[in-house]
Amino acid sequence: MIMRKASMAMLLLAGGNALAAGPEVTRALFTYGVVEREPGPAIEFMGPDHDTVIHFTELAGLNGQHVVHEWLHDGQARFRMEFDVAGDVWRVHSSKAITATEQGDWRVRVLDAQGRVLRESVLKVPRADEL
Numbered sequence: 005m006i007m008r009k010a011s012m013a014m015l016l017l018a019g020g021n022a023l024a025a026g027p028e029v030t031r032a033l034f035t036y037g038v039v040e041r042e043p044g045p046a047i048e049f050m051g052p053d054h055d056t057v058i059h060f061t062e063l064a065g066l067n068g069q070h071v072v073h074e075w076l077h078d079g080q081a082r083f084r085m086e087f088d089v090a091g092d093v094w095r096v097h098s099s100k101a102i103t104a105t106e107q108g109d110w111r112v113r114v115l116d117a118q119g120r121v122l123r124e125s126v127l128k129v130p131r132a133d134e135l
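For the sequence shown, this note's numbering gives the first residue as 5, with consecutive numbering after it.
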């Protein structure tokens, strides 16, 4: 009987640890709009009828910490937006105007306060002849 109770206690503790979530990005996507803190449809490439794109990120387990959206164009850092996370689940977004001369691969890296990459998203901006 004592062994059974000890085994049950160990299972409950193990289950509790499995449910305890660490810092993570629960959603990350490019979109054209955010309404009431929710993103519009996800996009994988930027169409010629748009000149601004948004990167939306939902974070969990990062309350009180600092995160960064780092925008890269063809591997070169172009823009950084910093955020202070003020809740257990927190949503942030940053936007970037992309000109006709900035075709290629765009990436947004979501970085924690130590500079570790939590998530990376990729957006293709095709040239007019690639559409």
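Cβ coordinates follow ideal geometry from the N, Cα and C atoms, glycine included.
Residue environment, residue i, which counts as buried when at least 16 other CB atoms sit within 10 Å
{"i": "Arg113", "result": "buried"}
{"i": "His59", "result": "buried"}
{"i": "His54", "result": "exposed"}
{"i": "Arg8", "result": "The predicted model places Arg8 with a pLDDT of 47, which falls under 50 and marks its position as unreliable, so this point remains unresolved."}
{"i": "Arg84", "result": "exposed"}
{"i": "Glu42", "result": "exposed"}
{"i": "Thr61", "result": "buried"}
DSSP-derived helix/strand/coil call for residue i
{"i": "Glu134", "result": "helix"}
{"i": "Leu115", "result": "strand"}
{"i": "Gln107", "result": "coil"}
{"i": "Gln80", "result": "strand"}
Close Cβ partners of residue i (< 6 Å) along its chain, the five nearest in sequence each way excluded
{"i": "Leu122", "result": "Val29, Val114 and Asp116"}
Terminal residues of the beta strand (DSSP E) in which residue i lies
{"i": "Glu62", "result": "Thr56 to Ala64"}
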